[in-house]
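Trainee: Chains L and P, in that order, are what the protein sequence lines are. Just so we're aligned: 66 in the numbering used here is position 63 of the first sequence, and the numbers increase by one with no gaps anywhere. Just so we're aligned: 724 in the numbering used here is position 697 of the second sequence, and the numbers increase by one with no gaps anywhere.
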Amino acid sequence: MTHTRTIRLTVNGTTRQVRAEPGHTLLDLLRDDLELTGTKACCLVGECGACTVSMNGRIVDSCLVLAAEADGAEVTTIEAVAAGGGLDPLQQAFLDSGAVQCGYCTPGQVMAARDLLARVPHPSVAQIQEAMAGNLCRCGCYRQITEAVQAAAAAVDR
Amino acid sequence: MNGIVGASAQRAGGRARVTGAQRYLGDIHLPGLLHAKLVTLDCAHARIRSVDTSAARRVPGVALVLSAADLPQPVPRFGPQYRDRPVLATGETKYHGEPVAAVAAQTQDAAEEAARLVRVDYDELPAVCSLAAALAPDAPLVADPALRPGDPLAGTNVLHEHRYGWGDVTAARSDLVVAGRYTFPMVTHFAIERHAFIAAPDGDGIRIWSTIQHPYWLQRIIAELLHLPLAKVQVLAPDLGGGFGGKQHAKYEPLVALMALRSGRPVRLLLTLEETFQAVRRTSAEVHVRTGFRADGSITFREVDADYLLGAYADIADRVVGKGSYTSCGPYRVPAARILARSVLSHTPPATAFRGFGSPQVLWAGESNMNEAARALGLDPLELRLRNLPRRGEVFIPGDKPADGQWDQTIRKTAELIGWGSPLPPGRGRGLALGLKSGPTTGLSYATVRLLADGSVVMSAGTSDMGQGARTVYAQLVSDELGVPMDRITLIMGDTAAVCYDQQTSASRSTVLMGNAVLQACREIQAKVKAMAVRLYQVGETDVDVAHGLVRLPGRKVPVTDILGPGLGPLGGEVIGNGESRKEAEPGHPLSGSAAFYEFNCTAVEAEVDTGTGDVALARYATVSDVGRAINPLQVRGQDEGAAVQGLGHTLMEHYVLAEDGRIRNLGAIDYRIPTSMDLPAELYSDVVENADGPGPYGSKGMSEGALLAVAPAVAAAVTDATGAVVRDLPLSPENVWRALTQRALTQRALTQRALTQRALTQRACTADGDLMKEMRDESHSES
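#1: Need the endpoints of the beta strand (DSSP E) that VAL189/P sits in, please.
#2: Under three-state DSSP, which class holds THR789/P?
#3: Does the beta-carbon distance from ARG221/P to HIS62/P come in below 8 Å?
#4: Might you give, ordered along the chain, the residues of its own chain that have their beta carbon closer than 6 Å to the beta carbon of SER537/P, omitting 5 neighbours on each side?
#5: Who does HIS62/P pair with in a DSSP beta bridge?
#6: Please report the straight-line C-alpha distance between TRP447/P and VAL331/P, rounded to a whole angstrom.
#7: Residues in its own chain within less than 6 Å of SER809/P by CB, not counting five upstream and five downstream?
#8: List, in order along the chain, the chain P residues whose C-beta lies closer than 8 Å to that of THR42/L?
#9: Suppose you measure from the CA of ALA284/P to the CA of ILE235/P; what does that come to, to the nearest Å?
#10: Would you call MET705/P buried or exposed, if buried means 16 or more other Cβ atoms sit within 10 Å of its Cβ?
#11: Could you spell out where the alpha helix (DSSP H) holding GLY101/L opens and where it closes?
#12: Does the distance from the CB of GLU313/P to the CB of THR210/P come in under 8 Å?
#13: Taking just the CA atoms, how far does PRO722/P sit from ARG656/P?
#14: Taking C-beta pairs closer than 7 Å, name the residues in chain L that PHE304/P reaches, listed in chain order.
#15: Taking the alpha carbon of LEU162/L as the reference point, which residue from ALA157/L, ALA102/L, THR40/L and LEU47/L has its own alpha carbon closest?
#16: List the residues that DSSP assigns as beta-bridge partners of GLN246/P.
#17: Quick check on the DSSP output: the alpha helix (DSSP H) that includes TRP391/P runs from which residue to which?
#18: I want to verify the contact list: residues of chain L whose CB lies under 7 Å from the CB of LEU707/P, in sequence order.
#19: Using the C-alpha atoms, what's the distance from PRO702/P back to GLN673/P?
#20: If you pair each beta-carbon of the stretch 268-285 of chain P with each one of the stretch 160-175 of chain P, do three or more pairs fall below 8 Å?
#21: From the DSSP output, in three-state form, read off GLY606/P for me.
#22: Under 6 Å Cβ to Cβ from PHE304/P, same chain only, skipping five residues before and after it: list those, please.
#23: From what residue to what residue does the beta strand (DSSP E) around TYR712/P run?
#24: For the stretch 447-487 of chain P, list the beta strand (DSSP E) runs that are entirely contained and at least 3 residues long, ordered along the chain.
#25: According to a CB-to-CB cut-off of less than 7 Å, which residues of the stretch 93-127 of chain L neighbour chain P?
#26: Give the interface partners of MET661/P over in chain L, defined as CB-CB distance under 9 Å, in chain order.
#27: Given a limit of 8 Å on CB to CB distance, which residues of the stretch 217-237 of chain P reach chain L?
#28: As a quick exercise: from VAL389/P, GLY291/P, LEU367/P and GLN388/P, pick the residue whose alpha carbon is nearest that of LEU60/P.
#29: Could you tell me which whole beta strand (DSSP E) segments of length 3 or greater appear in the stretch 134-158 of chain P?
#30: Answer yes or no: do VAL651/P and CYS629/P have a C-beta to C-beta separation smaller than 8 Å?
#31: When you compare the CB positions of ALA649/P and THR441/P, do they come within less than 8 Å of one another, or not?
#32: Please report whether the beta-carbon of CYS51/L lies at a distance below 8 Å from any beta-carbon of chain P.
#33: Tell me which residue opens and which closes the beta strand (DSSP E) that ILE62/L is part of.
#34: Excluding five sequence neighbours on each side, which residues of the same chain lie with their C-beta closer than 7 Å to the C-beta of PRO87/P?
#35: Considering only the alpha carbon of each residue, which of GLY137/L, LEU93/L, ALA85/L and HIS6/L lies closest to PRO25/L?
#36: From this set, TYR712/P, HIS682/P and ILE697/P, which residue's C-alpha is nearest ALA671/P's C-alpha?
Below, the structure written as structure tokens:
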């Protein structure tokens with residue numbers, strides 16, 4: 004009855020091939036098929052940002068991207084951010100600033116912040132808060148997240 | 028001390044959280060797992076005529092379809108306070124989203140398809156979804172009176188009445204009485220991690236994974252329901268992605284457990300965000316407050332009538348009502364009080380604990396009432412608070428714990444941070460409010476600390492870490508007491524089979540109650556190491572002291588790690604310490620126990636209101652909590668500022684929109700908005716008062732809820748200060764604020780008209796302003 008489709012994509016630098024069910028999203032593909040559970044699921048309607056990943060150099064809510072749309076794409080997830088076992092300065096800044104409480108939204112926050120810093124190396128507070136507005140944190144760490152992004156921006160200069 | 032207590036040690040588990048390696052419940056995959064889906068009706072209250080599961084059963088991959096008819100009869104019921112909630116709806120659904128049936132299948136897709144194919148034949152019935160409807164004399168009864176034997180209120184929708192009081196309210200002589208009616212909306216926890224449950228048969232027992240704050244309470248519920256010994260029920264509770272009270276008690280674990288036993292396979296139910304809205308919410312409330320004052324501002328009496336709207340099943344919400352309303356008089360010297368709080372059932376999702384536990388509702392009313400009183404008395408709202416504030420050690424609720432802090436320091440610090448009394452830019456207003464919450468009234472926590480042969484530590488505690496940072500705090504305590512570096516400590520939590528009992532993770536108790544148990548366990552280890560040293564060095568007991576990882580002997584100090592080898596002997600082993608911390612019940616106390624501590628907070632706000640749209644912008648925000656001692660200042664700040672941001676949700680934007688038939692019209696993240704980074708106050712200040720006067724380790728107090736308590740009345744007071752408009756209904760959404768502004772303009776116009784007419788009639792030589800002020804005052808006091 005169902006028609007699966009073969010999706011080829013590059014995830015964190017590795018080429019992967021997955022048979023995806025119709026209607027399955029990139030989020031399903033990452034979490035269920037590739038077992039990359041660092042990307043989190045929450046609202047499934049593109050409002051909370053927990054499932055944020057980078058696709059072809061842009062961040063997307065992976066719950067809103069059909070797996071089929073990711074065919075041929077280059078995807079980066081939270082699992083690839085800490086290079087070579089050490090933490091990325093942004094991840095370290097999240098810890099140092101107290102920007103992590105329960106941590107469930109953190110992978111999405113880190114991906115969104117990473118995207119912002121790639122586009123705007125020295126964002127203002129207003130730019131940070133606007134860029135991060137699509138990533139909900141119910142623990143309410145917004146001030147600490149803002150500080151972490153600022154600290155990471157400064158750390159890159161050193 | 029090695030300086031770790033009071034330092035901002037990095038969050039235990041932090042690294043796993045920033046790399047995506049942290050395993051939340053939804054990240055667990057078990058072989059042979061079945062995926063479950065609930066079958067619900069798109070209405071609140073319905074009589075179920077029949078449930079036809081035949082088409083659902085034919086969907087390929089479906090392993091099991093259960094409706095109430097497939098369960099033991101009568102359908103088992105459970106609940107933390109009353110055994111009122113059936114495992115599946117039986118006979119009737121009583122709220123929008125109550126499951127009528129459940130499907131388990133090989134894949135989530137198959138489960139969802141089958142769930143859509145379950146045919147439920149039902150008659151929709153009238154639903155009571157508001158206090159007015161539920162309290163109407165002819166209201167349909169939410170709970171079957173047969174389930175309330177011997178209960179005189181069984182013929183009503185009032186589940187319980189809580190009455191408190193002291194002194195003689197009627198005898199109080201007041202120069203001014205200020206009265207008002209305040210409403211608090213229905214809001215939901217919206218933890219970013221949705222509720223999730225797995226159950227798996229395990230030999231002659233069962234294993235349950237749950238996003239649960241109280242794993243031991245869940246263990247008891249499942250054991251009773253399945254007639255199993257506690258020892259055959261293992262509850263695994265991985266660290267939560269946010270709890271906020273919503274994950275305290277059993278929800279669908281009993282259902283998933285029965286599905287696992289029936290299918291013989293592990294079954295997992297992951298709720299959608301929409302389903303979590305239908306599973307947990309805060310009690311909404313309508314609170315009437317009357318407070319009497321003398322001209323100097325001292326309170327003469329307070330009367331509170333608080334109706335809280337519960338859902339169809341009690342969950343823990345009746346305790347929320349009882350405990351929250353108990354402190355309705357706030358942190359004040361009130362010579363006479365009469366408090367009546369009612370738990371009212373309705374055809375809405377079961378209300379449960381939510382950060383603040385019933386206090387934000389009565390504080391919204393009580394503190395707004397204080398601010399209105401300050402205006403009427405012509406007193407500074409800060410001064411009015413200070414005049415009525417009990418001193419440390421002073422009893423302010425007869426029979427309960429006296430004030431346990433120098434609370435005026437908290438108020439003064441807040442005032443300093445916000446610049447209280449300094450000139451305001453045009454269009455801005457300031458407001459201030461106090462928060463008070465009673466801490467745990469009973470408690471029991473065990474901790475085990477094992478000092479291993481190489482000086483590293485494995486410790487276990489039954490607390491749930493839901494983001495508040497309990498793991499970090501315990502590791503800091505152990506590190507300090509035993510002199511072991513943080514990275515050589517492993518914490519085991521969230522497994523009832525491996526970790527000793529803890530009553531619950533709630534009421535901001537864990538640093539205090541479990542923290543004391545951890546300290547005691549460390550002290551037992553120190554005593555054992557001391558005995559080792561006495562034996563090894565042939566010295567007298569009084570010649571040895573063990574503290575912070577060092578053994579002090581006459582004339583020298585030896586690291587504990589140096590004597591562990593010879594002390595333990597050739598077989599090796601470990602030194603085990605156990606700690607136990609109890610807060611016993613107190614017979615006769617209205618809450619069955621006095622407060623272990625109080626959470627005390629002061630919040631002050633500077634706001635600007637767009638009078639065209641009603642939009643409230645927060646220019647400055649200050650929150651200060653009396654925490655006794657901050658074990659980890661960074662985490663304390665995170666909890667305080669996070670609570671403030673969460674409180675801005677119910678203050679400015681959050682509320683369920685219920686249709687008249689009880690359907691929730693704004694399920695999910697698109698239509699129900701919570702604060703984002705854009706909602707942060709432009710300037711946010713937080714601080715703590717530390718006098719080491721709490722009952723926890725190093726004088727700490729619980730502190731995770733305090734900064735949420737006073738958000739709404741502080742913001743509302745700033746709105747009034749800026750515009751003159753008084754808002755008594757939350758949230759202070761643009762719509763509600765705009766309505767209040769419009770109402771005020773209309774009232775003012777009418778008053779001016781009246782004043783002008785009167786002046787023309789009497790030709791009295793007085794200013795219109797004076798009359799206007801007096802009449803407005805009269806008006807604001809005429810409500811009750």
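For every residue, glycine included, the Cβ atom is placed at its ideal position computed from N, Cα and C. What you are looking at is a predicted structure, and each value in this text was computed from that prediction instead of being measured.
Mentor: Straight from the coordinates:
#1: The residue asked about is misnamed: residue 189/P is His in this sequence, not Val. It spans 185-193 - the beta strand (DSSP E) in which HIS189/P sits, taken as one unbroken run.
#2: In the structure shown, THR789/P falls within a helical segment according to DSSP collapsed to helix, strand and coil.
#3: Not in contact: ARG221/P and HIS62/P (Cβ atoms no closer than 8 Å).
#4: The residues are THR490 and ALA497.
#5: Bridge partners of HIS62/P according to DSSP: ALA132/P and ARG295/P.
#6: One C-alpha to the other measures close to 29 Å.
#7: Note that SER809/P scores 35 on pLDDT, short of 50, meaning its location in the model is unreliable; the coordinates nonetheless yield the value given after this. Shown here for SER809/P: not one same chain residue has a beta carbon closer than 6 Å to its own, the five before and five after excluded.
#8: The CB of THR42/L comes closer than 8 Å to the CB of GLY47 in chain P, given here in chain order.
#9: When rounded, the distance between both Cα atoms is 7 Å.
#10: By the Cβ neighbour-count rule, MET705/P is exposed, with fewer than 16 other Cβ atoms within 10 Å of its own.
#11: Where GLY101/L is concerned, there is no enclosing alpha helix (DSSP H), given that its DSSP letter is neither H nor E.
#12: The Cβ atoms of GLU313/P and THR210/P sit closer than 8 Å to each other.
#13: Their backbone Cα atoms lie some 10 Å apart in a straight line.
#14: Those do not exist, as PHE304/P stays about 11 Å from chain L at its closest Cβ, beyond 7 Å.
#15: A query on residue 162/L cannot be resolved here, the shown segment of chain L reaching from 4 to 161 and no further.
#16: DSSP lists no partner for GLN246/P.
#17: Judged by DSSP secondary structure, TRP391/P falls within the alpha helix (DSSP H) whose first and last residues are 386-404.
#18: Those are GLN132, TYR145 and ARG146, listed as they occur along chain L.
#19: Computed Cα separation, rounded: 7 Å.
#20: Judged by Cβ distances under 8 Å, the stretch 268-285 of chain P makes no contact with the stretch 160-175 of chain P, as fewer than three pairs qualify.
#21: Correct three-state label for GLY606/P: strand.
#22: Correct list, in chain order: THR215 and LEU694.
#23: Bounds of the beta strand (DSSP E) holding TYR712/P are 710-716.
#24: Counting only runs that start and end inside the stretch 447-487 of chain P, the beta strand (DSSP E) elements of at least 3 residues fall at 455-465 and 470-479.
#25: Residues GLN94, PHE97, LEU98, GLY101, VAL103, GLN104, CYS105, GLY106, TYR107, CYS108, THR109, PRO110 and VAL113.
#26: The sequence shown places Leu at residue 661/P, not Met. Chain-order list of chain L residues neighbouring LEU661/P: ASP99, SER100, GLY101 and GLN147, by C-beta distance under 9 Å.
#27: Taking 8 Å as the Cβ-Cβ cut-off against chain L, the residues of the stretch 217-237 of chain P that qualify are PHE217, ALA218, ILE219, GLU220 and ARG221.
#28: Taking only the C-alpha atoms, the option nearest LEU60/P is GLY291/P.
#29: Runs found: 146-151.
#30: For VAL651/P and CYS629/P, yes; Cβs fall inside 8 Å.
#31: Yes, the pair counts as a contact, with Cβ atoms nearer than the cut-off.
#32: Proximity of CYS51/L to chain P, defined by a Cβ-Cβ separation below 8 Å, is satisfied.
#33: Taken as a continuous stretch (DSSP letters only), the beta strand (DSSP E) holding ILE62/L covers 61-64.
#34: Residues of the same chain with a CB within less than 7 Å of the CB of PRO87/P, apart from the 5 flanking positions on each side, are ALA137 in chain order.
#35: The option with the nearest alpha carbon to PRO25/L is HIS6/L.
#36: Selection TYR712/P, HIS682/P and ILE697/P evaluated against ALA671/P yields TYR712/P as nearest (Cα-Cα).
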